[in-house]
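Asker: Chains as they are written, first to last, in the working numbering: chain A, 4 to 352; chain Y, 163 to 596.
1. What first and last residue would you give for the beta strand (DSSP E) that runs through residue 175/A?
2. Is the beta carbon of residue 590/Y sitting closer than 9 Å to the one on residue 584/Y?
3. With three or more beta-carbon pairs closer than 8 Å as the criterion, would you say the stretch 498-514 of chain Y touches the stretch 554-564 of chain Y?
4. In terms of alpha-carbon separation, which member of 195/A, 287/A and 255/A lies closest to residue 245/A?
5. Alpha carbon to alpha carbon, what distance is there between residue 506/Y and residue 467/Y?
6. Could you tell me which uninterrupted beta strand (DSSP E) segments, each at least 3 residues in length, are contained entirely in the stretch 229-308 of chain A, listed from first to last along the chain?
7. Quick check for students: name the residue ranges of the alpha helix (DSSP H) that lie wholly in the stretch 450-529 of chain Y, counting only runs of 4 or more.
8. Can the beta-carbon of residue 260/Y be found closer than 9 Å to that of residue 474/Y?
9. Taking the alpha-carbon positions, what's the residue 257/A to residue 263/A distance?
10. Output, in chain order, the set of chain Y residues within a Cβ distance shorter than 9 Å of residue 236/A.
11. If contacts are defined as beta-carbon pairs under 8 Å, then residue 161/A and residue 493/Y qualify, I think. What distance do you get, rounded to the angstrom?
12. Could you give the residue range of the alpha helix (DSSP H) that holds residue 408/Y?
13. Give the secondary structure of residue 21/A by DSSP, where H, G and I count as helix, E and B as strand, and everything else as coil.
14. Reducing DSSP to helix, strand and coil, say where residue 186/Y ends up.
15. Against chain A, does residue 583/Y count as a neighbour if the rule is that its beta carbon must be under 9 Å from one of theirs?
16. What residues from chain Y crowd round residue 212/A, counting only those whose CB sits closer than 8 Å?
17. In chain A, which residues lie less than 9 Å from residue 213/Y when you measure between Cβ atoms?
18. Helix, strand or coil: which one does DSSP assign to residue 183/A?
19. Taking the alpha carbon of residue 175/Y as the reference point, which residue from 582/Y, 586/Y, 587/Y and 358/Y has its own alpha carbon closest?
20. When you compare the CB of residue 593/Y with every CB in chain A, is at least one pair closer than 9 Å?
21. Does residue 355/Y come out as helix, strand or coil in the three-state DSSP assignment?
22. Can you check whether the CB of residue 409/Y is closer than 9 Å to the CB of residue 214/A?
23. Below 8 Å on C-beta distance, what does residue 253/Y contact in chain A?
24. Would you say residue 95/A and residue 173/A are within 9 Å of each other, going by their C-beta atoms?
25. Within this structure, are the beta carbons of residue 37/A and residue 115/A separated by less than 9 Å?
26. I'd like to know whether the C-beta of residue 542/Y is nearer than 9 Å to at least one C-beta of chain A.
27. At a CB distance below 8 Å, what residues from the stretch 218-247 of chain A approach chain Y? Give them in sequence order.
28. Which of the three DSSP states is assigned to residue 427/Y in this structure?
29. In chain order, what residues of the same chain lie with their CB nearer than 7 Å to the CB of residue 427/Y, ignoring the 5 residues before and after it?
30. Pull the bridge partners of residue 100/A from the DSSP assignment, please.
31. Taking the CB atoms as reference points, tell me whether residue 90/A and residue 24/A lie closer together than 9 Å.
32. Looking only at its chain, what residues have a beta carbon closer than 6 Å to the beta carbon of residue 77/A, apart from the 5 residues adjacent to it on each side?
33. Mark residue 423/Y as exposed unless 16 or more other C-beta atoms lie within 10 angstroms of its C-beta, in which case mark it buried.
34. Tell me the DSSP bridge mates of residue 208/Y?
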């Protein structure tokens with residue numbers, strides 16, 4: 004964190020694709036509690052800097068409510084929910100209302116975290132689509148080519164956007180007016196048109212809506228109740244600062260392979276002419292306000308430039324070789340057809 | 163009599179509407195479809211709109227309307243109506259579909275009112291169901307019927323009305339033969355491609371390589387347009403899953419069951435619970451599924467699976483799915499290229515931004531997109547405007563010009579976004595009538 008320029012962090016578990024598939028409710032509650040205890044203990048190393056988001060077992064709504072109160076008493080600010088339909092538990096159904104009530108009462112934030120839908124613990128024979136991002140996986144698996152290139156590009160936005168639209172149209176935040184929600188790891192550019200689309204379609208379908216009418220437009224609700232993380236897409240929101248001003252919270256995504264640091268984020272934002280005041284909001288102010296976390300007493304001011312690398316660290320030449328187009332070609336027993344290969348390396352019909 | 167003091171809008175350039183629709187009439191099946199295929203064709207794909215029930219029939223199976231058939235939202239917009247007014251239409255009385263959806267003269271009159279000089283026409287019911295037709299021979303016959311009908315539609319004004327041709331992708335030989343046939347017909351400026359899974363296969367599959375090759379060779383633009391997907395089974399596009407989740411919003415299961423829902427691949431779909439409000443009452447998919455469907459096509463097929471790289475002269479227009487997301491895609495793609503092994507049968511470029519810059523792909527946009535209003539220079543070479551006529555969310559060229567001008571975008575850039583780009587992408591001569 005010191006090298007990355009990060010003063011405070013909200014931890015998210017990586018194994019967010021498996022626990023929704025635990026079929027035993029008590030077991031799921033126990034697993035979430037075990038993770039939450041471990042995460043809380045880890046944060047005690049520096050409670051001013053380290054915070055954790057708690058896993059909640061939707062398989063057992065009563066267990067989840069108990070866990071919300073339990074972890075809130077330990078200072079946890081966020082209850083994590085994966086926006087998928089694993090075992091039919093999409094987290095916006097009325098039977099989960101007691102969870103959101105508990106979040107309101109404890110001040111805990113509804114942390115909506117999407118993920119690539121790997122479905123590693125999906126039960127055999129489960130043939131239904133459980134995530135908006137499964138189609139992206141199928142573009143790979145149906146193509147006879149092993150290619151995970153796309154797993155970071157759309158998976159997150161697909162899950163997150165379905166949740167955002169569903170939550171806003173359902174009136175969730177009108178039924179639970181004190182509830183706040185954080186949209187994690189889904190980038191932010193899509194919000195600049197999706198919220199407008201929500202407003203448009205709310206007007207268009209007003210005469211057919213059977214839920215109670217909304218008191219405000221969907222976008223107004225989002226701006227009041229929600230925030231969104233952004234990582235790797237610092238440029239677009241920096242150019243629409245008035246739209247994103249109070250709803251953006253920066254993420255590093257470390258230690259995932261596409262993680263990043265504050266210094267690069269600052270370079271990008273400064274390069275787009277974003278004011279220092281707004282940089283401070285995006286990089287910490289908004290998050291602290293949402294999670295009710297005080298600013299640390301001291302914070303990192305200078306970049307660490309001398310970093311010790313292990314022996315296996317790739318050289319600049321090795322990186323350059325890995326970036327050539329030909330580096331991606333799978334070793335084959337037989338050569339690719341000549342005309343196809345020629346086309347691929349720049350030849351034409 | 164009071165006179166309106168509102169100034170008559172004017173413009174100094176031709177507007178090409180890159181995204182408008184026809185609604186296929188019964189005559190397409192009854193007159194244009196090869197008589198040998200009429201019975202089979204009507205079983206394979208048919209839109210029924212009756213006084214008491216409406217459905218799309220695909221392969222003999224009915225996908226019933228989940229929306230109120232009194233308001234034909236895919237053909238309800240007409241000049242002068244606002245989105246708010248659409249939302250105030252009485253849902254208990256039958257509203258007639260817009261005449262211009264199926265009548266070329268009415269279409270031309272509406273185009274005049276909208277400030278539109280020329281347009282590319284996409285299907286409606288063929289968009290929803292054609293690619294699900296299982297029998298390739300029937301699909302070929304239906305494609306020919308559609309193309310013959312729309313060619314006659316466009317003949318009403320050959321310099322103003324153009325079309326995306328239906329292509330029977332169920333059999334690539336049939337598809338290429340039809341492409342070669344319509345390539346000689348001047349009204350066809352694109353080949354309609356719906357970004358969806360067909361036979362559980364996506365456009366990332368090498369099966370489609372001959373299609374891209376033919377489009378590139380024949381100089382036909384890939385006119386990619388998502389459908390609503392509201393009449394389709396799960397796993398074909400993003401919409402069915404979104405609608406299933408919409409159902410969850412009111413699912414208060416007395417007895418818990420796993421999954422289910424309309425068009426689900428498993429589970430019994432039964433809601434055994436009581437819900438005081440009933441369902442939401444309208445679809446949610448139209449809000450985001452066009453963007454997600456197009457986003458996936460660009461990311462997966464064009465960039466990730468090297469279609470754009472291997473067929474660099476193939477022109478593509480991605481209609482109806484917004485455009486401002488592309489900035490984020492390119493940032494993410496660049497990061498992915500750096501961190502994720504690009505295992506492939508062909509070399510894969512790791513500079514997606516440069517490839518996008520060089521490439522022949524354009525995205526359909528809406529004037530209200532904030533990022534485009536803020537950064538017109540970033541987008542102006544890569545976007546084409548579309549009205550979405552006659553769908554409920556349609557806008558006019560006058561609206562678009564006013565919005566973009568209000569954002570400080572100059573007339574030359576607006577002219578490019580609303581006409582020049584489309585002209586180059588679809589290979590048409592821009593002409594101004596309005």
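By construction, the Cβ of each residue, glycine as well, lies at the ideal position given by its N, Cα and C atoms.
Answerer: Quick answer:
1. Here residue 175/A belongs to no beta strand (DSSP E); instead the alpha helix (DSSP H) covers 175-178.
2. yes
3. no
4. Taking the Cα of residue 245/A as reference, the smallest distance to any Cα among 195/A, 287/A and 255/A is reached at 195/A.
5. Going from the Cα of residue 467/Y to the Cα of residue 506/Y covers about 8 Å.
6. Runs found: 229-233 and 251-253.
7. Entirely contained in the stretch 450-529 of chain Y, the alpha helix (DSSP H) runs reaching 4 residues are, in chain order, 469-472, 488-501 and 514-520.
8. no
9. 7 Å
10. 489, 490, 493 and 494
11. Contact flag wrong, Cβ pair sits at about 17 Å.
12. 401-410
13. coil
14. coil
15. no
16. 442, 443 and 444
17. In chain order: nothing, as chain A lies at least about 19 Å away.
18. coil
19. Of the listed residues, the one whose Cα sits closest to residue 175/Y is 582/Y.
20. It does not: the Cβ of residue 593/Y has no partner Cβ on chain A nearer than 9 Å.
21. strand
22. The beta carbons of residue 214/A and residue 409/Y sit no closer together than 9 Å.
23. For a Cβ distance threshold of 8 Å, residue set 210 and 211 of chain A lies close to residue 253/Y, ordered along the chain.
24. yes
25. no
26. no
27. 235, 236, 238, 239, 242, 243 and 246
28. Bear in mind that a pLDDT of 34 at residue 427/Y, under 50, signals an unreliable position, so the model cannot answer this.
29. Note that residue 427/Y scores a pLDDT of 34, beneath 50, so its modelled location is shaky; the value from the coordinates is reported in the next line. Result list for residue 427/Y: 396 and 397, in chain order.
30. Note: residue 100/A sits in no beta bridge, so no partner.
31. In this structure, residue 90/A places its C-beta atom within 9 Å of the C-beta atom of residue 24/A.
32. 43
33. Because residue 423/Y sits at a pLDDT of 38, beneath the cut-off of 50, its placement in the model cannot be relied upon, and the following sentence gives the value as read from the coordinates. Buried is the call here.
34. Beta-bridge pairing by DSSP links residue 208/Y to 219/Y.
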